[in-house]
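Enquirer: If you scroll down you'll find the structure; I have some questions about it.
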Amino acid sequence: MFGKWLRRTPLALRQVMKEKTRLAVAVAGIAFADMLIFLQMGFQDALFDSATKPHSLLEADLVMTNPQLQTLFSVKSFSRERLYQALSHEGVQSVSSVYISLGQWKNPETRINRAILIWGIDPEAPGLNLPEVKQNATQLQLLNRVLFDRAGRPEYGAVADAVQKHGTLEVELNRQNVQVTGLFTIGSSFAADGNVITSDSTFLKLFPERQPNQIEVGLIKLKPGFNPTQVEKQLAKELSPDVRVLTLEGFAGVEKYYWESQGTIGFIFGLGVIVGFIVGIVIVYQILYSDVSDHLPEYATLKAMGYSDGYLLGVLFQEALLLAALGYVPGFLIAIALYQVTYAATLLPIAMTLTRAITVFIITIVMCTFSGAVAMRKLQSADPADVF
C-alpha cells in the first residue's frame, strides 16, 4: 500500500512543477496565509506572556485580591485588614502587600508625559523575585527613590543609559521629582509600556489621595508542608467575600482569561488566524481547480486506461500536500524575520516557538487538504467519453 502511494508521487510532482507561474502564485499565496497565521498567533502569545510576566515574579504561594479583579493593569483595591486576617490560619507564615497604579512619567528629554505602571512595595519584604530590587532595597527605603524598567518603551527616554553612566537620574513622576537609582527588567505589554518600582512610602506620596490601608495585591507565604490549593480553599471559607484568594497560577489565569475572552484584542487575533486559514483555502482551491480544469482530458484518458478515481484523487491530494510544504517554508522564514522586526520596534516578547511552528504546519496541511477535497468534485466529473 505504501509502495503504491510512493509510485504516485512523481506524477503529482510533475503536475505541480509543470506550470512555474501557477506554482509561484500558489507558493506565494500559501506563504502569505501562513505568515498571517504566524503573526496573529505570535502577537496573541506575546500578549499573554507580557501580561502575565509580572505574576510569575511574585514571591508568594497565594495572592489576595479584590474579587472584582479582571486585569492587573486596572486592579481594584481592598482593605489590608483582610490580609492580616489570613495570618490566623495555621499554614500562613507571613504576608506582605503591594500597591499598584498607573502614573504619569515625564520624559526627561522631550518633557512629554506617558503612562507607566507604578509598583509600591515594602523594601524590607519586596515580594518580587527581581535581584535588582533586593540589591537596591536600602536605596528604596529613602523617600523619592525609584527603580526603572530598562525594558520599557524608548518613549520614556534614555533613562537606562543615563543611570548606567551617572548612577542616578532625576525625573518627574506624577508631577513630583524623584531619583532613579537603579534598573530592573520586566518589559512592556499591551496594557503598560513600562514599569517603576518604589517603596510603599514613596508610592503614597506620589498618590496623596490614596488611603494607606487600601492595597491592590496581598502576598501570602505558607509554612513548609502546606498545600497552596488546600489553604486557598480554606481561606476562601474563612475570609469575607469582599476578597479573593488565588494561587499564582490562578492569579495569572485571571489575567489571561481577561485578555483572551473579555478583552477585544484576543478576539481580534483569533479572528486573524481564521481569516488567514480561509485565505489559504481559497488560494489553494483556485490553483488546484485550475489545474484540474486544464488537464481534464488527460485525467479522462487515464480513466479510460483503467486508472481508478481513487488513484486520481490520491494524485490531487499529493499535489495539495506538496503545495503545503512548498508554501510553508517561505511563510515560516518570513514570520521569523517579522518577529525580530516586531520585537525591535515594540519590545514585546515575541519569538518563534516549536509548538507554534508545528501547529501552523498542521493547519497548513489541513488547509491544503480541505482545498483538495473541494477540488475533487471537478476531477470526478472527468469522463472517459470526453477523449473520443
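All residue numbers for the sequence shown refer to my numbering, where the first residue is 164 and numbers rise by one. Using N, Cα and C, we set each Cβ at its ideal position, and we do this for glycine too.
(1) Anyone know if the C-beta pair for L434 and G290 falls short of 8 Å?
(2) What do you get for F551, buried or exposed, if any count of 16 or more other CB atoms within 10 angstroms of its CB means buried?
(3) Are the beta-carbon atoms belonging to R245 and S403 less than 8 Å from one another?
(4) Could you give the DSSP three-state label for K181: helix, strand or coil?
(5) Mind reading off the beta-carbon distance from V296 to V380? Whole number of angstroms is fine, and I expect it under 8 Å.
(6) Terminal residues of the continuous beta strand (DSSP E) containing S264?
(7) Which partner residues does W422 have in the DSSP bridge list?
(8) Would you be able to state if there are at least three C-beta pairs under 8 Å between the region 197-210 and the region 358-370?
(9) What span of residues does the beta strand (DSSP E) with E335 cover, start to end?
(10) Run the CB neighbour count on R338, radius 10 Å, all protein chains shown included, and call it buried at 16 or more, exposed below.
(11) So, using beta-carbon positions, are G439 and I193 closer together than 8 Å?
(12) Counting Cβ pairs, one atom from each stretch, are 3 or more of them under 8 Å apart for the region 481-491 and the region 522-529?
(13) Would V417 pass as a contact of L411 if the rule is Cβ separation under 8 Å?
(14) Assuming A354 contacts T234 (C-beta within less than 8 Å), just tell me the rounded distance between them.
(15) Within 10 angstroms of its Cβ, does P371 collect 16 or more other Cβ (buried), or is it exposed?
(16) Spatial neighbours of S483 within its chain, please: CB distance less than 7 Å, with the 5 preceding and 5 following residues excluded, ordered by chain position.
(17) Sort N299, L346 and A538 by Cα distance to P476 and report the nearest one.
(18) Quick check on DSSP: helix, strand or coil for A321?
(19) CB-CB under 7 Å to Q248, same chain, minus the five flanking residues each way: which ones, in chain order?
(20) So, for K183: in the same chain, excluding its five sequence neighbours on each side, which residues have a beta-carbon less than 7 Å away from its beta-carbon?
(21) Give me the residue from N340, D324 and Q397 with the minimum Cα distance to L306.
(22) I need the straight-line Cα distance from L336 to I284, nearest angstrom please.
(23) Where does F440 fall in DSSP's three states?
(24) Pick helix, strand or coil for D363, following the three-state DSSP scheme.
(25) Which word fits D324, buried or exposed, when buried means at least 16 other C-beta atoms lie within 10 angstroms of its C-beta?
(26) Helix or strand or just coil, what does DSSP make of A300?
(27) Along the alpha helix (DSSP H) that carries V309, what are the first and last residues, could you check?
(28) Nearest CA to the CA of Q377: which residue from I513, H329, M227 and R243?
(29) Hey, would you say R407 sits closer than 8 Å to P217, going by beta carbons?
(30) Below 8 Å between beta carbons: does that hold for T348 and D405?
(31) Find out if the Cβ-Cβ distance for the pair G315, G357 is shorter than 8 Å.
(32) Are the beta-carbon atoms of V309 and T361 separated by less than 8 Å?
(33) Return helix, strand or coil for M530, following the three-state DSSP convention.
Expert: On the basis of the data shown:
(1) The sequence position of residue 434 within the sequence shown is 271, counting from 1. The sequence position of residue 290 within the sequence shown is 127, counting from 1. Not in contact: L434 and G290 (Cβ atoms no closer than 8 Å).
(2) For the purposes of this step, residue 551 is taken as residue 388 along the sequence shown, with counting starting at 1. Only weak support is given to the placement of F551: the predicted model assigns it a pLDDT of 49, under 50, and the question is left unresolved by the model.
(3) Translated into the one-based positions of the sequence shown, residue 245 becomes position 82. Translated into the one-based positions of the sequence shown, residue 403 becomes position 240. Against a cut-off of 8 Å, the Cβ pair of S403 and R245 comes out as a contact.
(4) For the purposes of this step, residue 181 is taken as the residue at position 18 of the sequence shown. In the structure shown, K181 sits in a helix (DSSP, three-state: H, G or I).
(5) The count along the sequence shown starts at 1 and reaches residue 296 at position 133. The count along the sequence shown starts at 1 and reaches residue 380 at position 217. Between V380 and V296 the Cβ distance is about 15 Å, and since that is not below 8 Å, they are no contact.
(6) Indexing the sequence shown from 1 puts residue 264 at position 101. S264 -> beta strand (DSSP E) spans V255 to K269.
(7) Position 259 of the sequence shown, counting from 1, holds the residue named residue 422. BP columns for W422 are empty, so no partner.
(8) no
(9) Residue numbering aside, residue 335 sits at position 172 when the sequence shown is read from its first letter. Start and end: L332 to L336.
(10) Locating residue 338 in the sequence shown gives position 175, where the first residue counts as 1. Exposed, since its Cβ has fewer than 16 Cβ neighbours within 10 Å.
(11) Residue numbering aside, residue 439 sits at position 276 when the sequence shown is read from its first letter. Residue numbering aside, residue 193 sits at position 30 when the sequence shown is read from its first letter. Contact: no.
(12) yes
(13) Within the sequence shown, the letter at position 254 stands for residue 417. Within the sequence shown, the letter at position 248 stands for residue 411. No, the Cβ-Cβ distance between V417 and L411 is not below 8 Å.
(14) Position 191 of the sequence shown, counted from the start, is the residue given in the question as residue 354. Position 71 of the sequence shown, counted from the start, is the residue given in the question as residue 234. That pair is a contact at about 7 Å.
(15) The residue labelled residue 371 in the question sits at position 208 within the sequence shown. P371 is exposed by the Cβ-count criterion.
(16) To locate residue 483, count along the sequence shown from 1; it is residue 320. Checking the sequence, you will find Ala at residue 483 rather than Ser. Closer than 7 Å at the Cβ level, and outside the excluded window around A483, lie V447, L451, C531, T532, S534 and G535.
(17) Residue mapping note: residue 476 aligns to position 313 of the sequence shown, counting from 1. Sequence inspection shows Leu at residue 476; the Pro mentioned does not correspond to that position. Residue A538 is the option with its Cα nearest to L476.
(18) Against the sequence shown, residue 321 aligns to sequence position 158. Residue state, collapsed to three classes: coil.
(19) As a working note, residue 248 is residue 85 in the sequence shown. L402.
(20) Position 20 of the sequence shown holds residue 183. Here K183 has no same chain residue with a Cβ atom under 7 Å from its own Cβ, once five neighbours each way along the sequence are excluded.
(21) The count along the sequence shown starts at 1 and reaches residue 306 at position 143. The candidate whose alpha carbon is nearest that of L306 is N340.
(22) For this step, residue 336 is matched to residue 173 along the sequence shown. For this step, residue 284 is matched to residue 121 along the sequence shown. Computed Cα separation, rounded: 17 Å.
(23) In the sequence shown, counting from the first residue as 1, residue 440 sits at position 277. Helix, per DSSP.
(24) Along the sequence shown, read from residue 1 onward, the residue named residue 363 stands at position 200. Looking at D363 - three-state DSSP - the assignment turns out to be helix.
(25) Against the sequence shown, residue 324 aligns to sequence position 161. D324 should be labelled exposed.
(26) Residue 300 sits at position 137 when you count from the first residue of the sequence shown. Helix at A300.
(27) Counting from one through the sequence shown, the residue named residue 309 turns up at place 146. Where V309 is concerned, there is no enclosing alpha helix (DSSP H), although the beta strand (DSSP E) it sits in stretches over R308 to D312.
(28) Within the sequence shown, the letter at position 214 stands for residue 377. Measuring from the Cα of Q377, the nearest candidate turns out to be R243.
(29) On the sequence shown, position 244 is the one that residue 407 refers to. On the sequence shown, position 54 is the one that residue 217 refers to. Not a contact, by the Cβ cut-off of 8 Å.
(30) Taking the first residue of the sequence shown as position 1, residue 348 is located at position 185. Taking the first residue of the sequence shown as position 1, residue 405 is located at position 242. No, the Cβ-Cβ distance between T348 and D405 is not below 8 Å.
(31) Your numbering for residue 315 matches position 152 in the sequence shown. Your numbering for residue 357 matches position 194 in the sequence shown. Against a cut-off of 8 Å, the Cβ pair of G357 and G315 comes out as a contact.
(32) On the sequence shown, position 146 is the one that residue 309 refers to. On the sequence shown, position 198 is the one that residue 361 refers to. Result yes, Cβ atoms of V309 and T361 sit closer than 8 Å.
(33) Translated into positions along the sequence shown, residue 530 becomes position 367. M530: helix per DSSP, three-state reduction.
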